[in-house]
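Student:
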Amino acid sequence: PEMVKRRRFLLWKDKKLIILKSRDIKKFLSNKWLLYVLKICLGFVFVVASIGKIIDPQQFAKDVYSYVLLPNAVVPLFASIVPWIEFFAGLLLFLDIYPKSNSLIICGLLIAFIFAIAIDVHRGIEISCGCFDFLFPEETIGITTIIRDVILLIMGLIVLVFDHNDARIYGMIKNDKTK
């Protein structure tokens with residue numbers, strides 16, 4: 108019989124070395140309560156972030172223009188469509204409706220946001236983030252913005268990879284996998 112090597116992760120706890128097996132990490136990340144918390148938090152963040160952009164699309168368009176990454180002709184279309192994508196993907200994720208699909212959309216948006224912010228930080232451009240303008244109008248882009256978005260991306264990737272997809276709307280509608 109062939110021996111199977113298992114991946115192990117080392118952690119320190121109370122001055123003792125703990126060995127975590129990859130299946131333990133997978134079990135933790137697959138926990139339905141952890142996934143519910145991640146979906147609620149990520150969905151809430153995206154709904155809140157979209158509200159200011161939906162209320163004031165002209166300000167969001169100005170923020171997008173200031174990144175100097177998209178052609179000027181595309182910015183108005185981008186500024187009018189992206190907030191609604193954020194809103195509906197966030198709302199549906201919050202409600203646990205097609206969480207993997209909505210998590211994929213959110214992860215795609217976050218990757219685009221991270222690259223846009225990183226490019227302008229590298230250029231040395233100090234501009235308004237445009238993320239939560241109605242809550243934090245003076246927020247400028249920087250390494251903290253990138254770190255925040257990377258954390259949100261990790262949350263989205265956990266949902267994307269580990270969500271069970273058994274239930275919709277928190278258990279009120281079940282998937283019938285016996286068909």
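Residues in the sequence shown are numbered consecutively from 108, following the working numbering. C-beta atoms are modelled at their ideal positions from N, C-alpha and C, and glycine is treated no differently. All values reported here derive from a predicted model rather than from experimental measurement.
Can you tell me whether serine 137 is helix, strand or coil according to DSSP?
Tutor: Reduced to three states, the DSSP call for serine 137 is coil.
Student: Within the same chain, show all residues whose beta-carbon is closer than 7 angstroms to that of alanine 196, passing over the 5 residues directly before and after it, in chain order.
Tutor: Within the same chain, alanine 196 has close Cβ partners Phe153, Asn209, Ile212 and Ile213.
Student: Grab me the residues of valine 171's own chain with a C-beta within less than 8 angstroms of its C-beta, minus the 5 sequence neighbours each way, in chain order.
Tutor: So the qualifying residues of the chain are Leu177, Val182, Phe185, Ala186 and Gly237.
Student: When DSSP builds the beta bridges, which residues end up paired with threonine 247?
Tutor: Threonine 247 pairs with Ser235.
Student: Give me the residue from Gly159, Leu264 and Ser235 with the minimum Cα distance to proline 190.
Tutor: Closest option to proline 190, Cα to Cα, is Gly159.
Student: For the alpha helix (DSSP H) containing asparagine 209, list its first residue and its last residue.
Tutor: Per DSSP, asparagine 209 belongs to the alpha helix (DSSP H) from 206 to 230.
Student: Report the three-state DSSP secondary structure of leucine 200 (helix, strand or coil).
Tutor: In this structure, leucine 200 counts as helix in the three-state DSSP scheme.
Student: Return the CA-CA distance between lysine 169 and isoleucine 254, expressed in angstroms with no decimal places.
Tutor: Roughly 24 angstroms between the two C-alpha positions.
Student: Helix, strand or coil: which one does DSSP assign to alanine 186?
Tutor: Reduced to three states, the DSSP call for alanine 186 is helix.
Student: Could you tell me the alpha carbon to alpha carbon distance between aspartate 270 and glycine 215, rounded to whole angstroms?
Tutor: Near 17 angstroms, if we compare the C-alpha coordinates of glycine 215 and aspartate 270.
Student: On the DSSP letters alone, give me the boundaries of the alpha helix (DSSP H) that aspartate 170 sits inside.
Tutor: Run containing aspartate 170: 164 to 174, per the alpha helix (DSSP H) assignment.
Student: Measure the C-alpha to C-alpha separation of glutamine 166 and isoleucine 234 and round it to an integer number of angstroms.
Tutor: Each residue's alpha carbon lies about 13 angstroms from the other.
Student: Looking at C-alpha atoms only, which residue of Cys148, Ile248 and Tyr143 is the closest neighbour of serine 173?
Tutor: Checked all of Cys148, Ile248 and Tyr143; the closest Cα to serine 173 is Ile248.
Student: Roughly how many angstroms separate the alpha carbons of threonine 252 and glycine 263, rounded to a whole number?
Tutor: Spanning the two alpha carbons is a distance of roughly 16 angstroms.
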